[in-house]
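Here's the structure, in structure tokens; my notes come after.
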Amino acid sequence: MIGIYDYTVILTYGNAVFSVIGMYLALTQHISEAIFCLVLSGICDMFDGFVASFKKRTKSEMNYGIQIDSLADLVSFGIFPTVLGYASGLTQGIYLPLFVFYILAALIRLAHYNVTEMERKEHSDGCREYYEGLPVTSSAAIIPLLFFIAGRLHIAISLIYPLTLLIVGFLFISKVKIKKVDPRKLIFGAFIGAVLAFIIR
């Protein structure tokens, strides 16, 4: 079969699998469980590069990893949040342009990252220190936190979710530079996300 199936991409595939399961759960009105799947997708994405670094990969394998990671991220952090919004009550046609904008912004951000990352790897073997634009994976932390706050303050999620998608979408394609987070902070963030998802449940 075409593709790569070793441990270097297992978390990337897990990222996509959890998001598809999460979309199904969202559309069947299991919102809390869907949010938990979003957190799991985010955790998989946080550590897929770390796991892949344990193997010396060919240029083709590295390029495959970059491409498959972004494709999975588009599903998990581009499409999934809009499905979650629809399942949470944003079913009117007025929200369709917002969903289109958010997904398109995520797509552009990921394509830009792919191009710049492949160009960077041709001239350097080190890790990048800054991201240009808000990483799409941030949705895995922002959205569960949003649901948690809305639930605790008894605010209808349909009132704040559209504005959140709009702001996050603009940050995806902005030129703001964000320092790459230390792996230990990623572990802490993943733990907090999992705890929040558990509380929401």
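Numbering (my numbering), first residue to last: 6 to 206. Glycine included, C-beta positions come from ideal geometry on N, C-alpha and C.
Tell me whether the beta-carbon of residue i lies closer than 9 Å to the beta-carbon of residue j.
i      : j      : result
Cys42  : Phe23  : yes
Leu103 : Leu45  : no
Ser143 : Val181 : no
Ile40  : Phe175 : no
Val80  : Ala116 : no
Leu95  : Ser179 : no
Tyr18  : Ala57  : no
Phe177 : Ile73  : no
Ile99  : Glu137 : no
Ala145 : Asp53  : no
So, helix, strand or coil for residue i, using DSSP?
i      : result
Ser178 : In the sequence as displayed, the identity of residue 178 is Ile instead of Ser. Reduced to three states, the DSSP call for Ile178 is coil.
Ile183 : strand
Tyr136 : strand
Met6   : coil
Ser210 : Residue 210 cannot be examined here, being either before or after the span of the chain that is shown, 6 to 206.
Val141 : helix
Ala161 : coil
Asp11  : coil
His35  : coil
Leu95  : coil
Thr63  : coil
For residue i, count the other beta carbons within 10 Å of its own beta carbon; 16 or more makes it buried, fewer makes it exposed. Which is it?
i      : result
Tyr135 : exposed
Val14  : buried
Ile48  : buried
So, does the segment 85 to 103 touch the segment 160 to 169, judging by three or more C-beta pairs under 8 Å?
yes
Counting pairs of beta carbons, one from the segment 76 to 87 and one from the segment 23 to 34, are three or more of them closer than 8 Å?
yes
Okay, do the segment 107 to 120 and the segment 156 to 164 touch, 3+ Cβ pairs below 8 Å being the bar?
no
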